[in-house]
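One structure is given below, encoded as structure tokens.
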Amino acid sequence: MLLRRGPQDMPGDSTALVGSAAAYCILLFIQVGLIAPSGRAAFQAVVATVLLALYVQSVLRVRKLPARFAQTATALFASGAVLTLVMLAPTQVMAPYLQAISHASDPQSVPMPPAVVTFAYVAMGFWGLAIYSHIYRHALDAGLWLGFGAAMAFEILLLFVFSILG
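Heads up: the sequence shown is residues 14 to 179, going by the working numbering.
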């Protein structure tokens with residue numbers, strides 16, 4: 014998470030992969046549950062977890078590096094779990110704002126959350142993108158821009174899938 018190591022430094026066994034995927038899914042459920050009903054939170058957490066696994070597998074297959082799946086997915090799930098854990102407090106503070114804006118007829122009438130919380134939320138989002146880009150760069154034996162592109166493509170995929178699913 015400090016960009017000193019790559020996914021190749023993660024354990025490649027199924028226990029680490031399943032454990033990190035479970036932690037990621039559970040923490041996503043808790044985070045989404047702060048702003049959505051529990052059924053919706055569970056659905057989004059499971060879909061995001063499955064999509065990440067499928068996406069990593071697909072990207073590695075395209076680059077003809079499928080043997081790197083366990084370590085890459087473990088790195089992404091583990092770092093995603095830690096980032097989500099850190100984001101729980103800012104998400105809880107932003108929850109009333111996010112709920113109000115989703116129901117407002119005039120979104121500009123909704124008061125903004127505290128600036129420090131908004132900054133923390135945005136900063137952690139950028140830090141997460143840097144971490145994911147770093148992981149993809151190492152996993153794909155690619156440059157920084159391809160790693161960044163792979164990370165962004167997944168985020169866009171998530172936005173697309175959840176906008177379709179509602």
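Even for Gly, the Cβ is constructed at its ideal location relative to N, Cα and C. None of the values given here were measured: they were computed from a predicted structure.
Taking the alpha carbon of residue i as the point to measure from, which residue in the options has its own alpha carbon closest?
| i | options | result |
| --- | --- | --- |
| Gln-21 | His-147, Gln-121 and Ala-34 | His-147 |
| Leu-96 | Gly-138, Pro-79, Val-63 and Tyr-110 | Gly-138 |
| Gly-32 | Ala-83, Pro-79 and Pro-120 | Ala-83 |
| Leu-89 | Ala-155, Ser-122, Ser-118 and Thr-62 | Thr-62 |
| Thr-28 | Ala-91, Ala-128, Ala-117 and Phe-161 | Ala-91 |
| Met-23 | Leu-64, Leu-170, Tyr-145 and Thr-87 | Thr-87 |
| Arg-17 | Tyr-145, Leu-171 and Leu-172 | Tyr-145 |
| Leu-78 | Tyr-149, Glu-168, Ser-51 and Leu-157 | Tyr-149 |
| Ser-197 | Tyr-37, Ala-163 and Cys-38 | Residue 197 cannot be examined here, being either before or after the span of the chain that is shown, 14 to 179. |
| Gln-105 | Leu-159, Thr-131, Val-174 and Ser-176 | Thr-131 |
| Ala-155 | Cys-38, Val-75 and Asp-26 | Val-75 |
Give the DSSP-derived three-state secondary structure of residue i in the structure shown.
| i | result |
| --- | --- |
| Pro-124 | coil |
| Arg-17 | coil |
| Ile-177 | helix |
| Pro-50 | coil |
| Asp-22 | helix |
| Arg-81 | helix |
| Ala-5 | Examination of residue 5 is not possible in this model, given that the chain is present from 14 through 179 alone. |
| Leu-111 | helix |
Excluding the five sequence neighbours on either side, which residues of its own chain have a C-beta within less than 6 Å of the C-beta of residue i, listed in chain order?
| i | result |
| --- | --- |
| Arg-81 | Leu-73 and Ala-152 |
| Phe-42 | Ala-54, Ala-55 and Ala-58 |
Suppose the cutoff is 7 Å on Cβ atoms and the five residues either side in sequence are ignored; what does the same chain contact list for residue i look like?
| i | result |
| --- | --- |
| Ala-99 | Strictly speaking, residue 99 in this sequence is Val, with Ala absent from that position. For Val-99, where only same-chain residues beyond five positions count, the Cβ hits under 7 Å are Met-137. |
| Ala-133 | Pro-103 |
| Leu-30 | Ala-83, Ala-86 and Thr-87 |
Quick one: is residue i buried, meaning 16 or more other Cβ sit within 10 Å of its Cβ, or exposed?
| i | result |
| --- | --- |
| Met-125 | exposed |
| Pro-109 | exposed |
| Ala-128 | exposed |
| Ala-35 | exposed |
| Ala-94 | buried |
Near residue i, which residues of its chain fall below 8 Å by C-beta distance, leaving aside the five closest residues on each side in sequence?
| i | result |
| --- | --- |
| Arg-53 | Val-45 |
| Gln-112 | Ile-48 |
| Leu-170 | Leu-64 and Tyr-68 |
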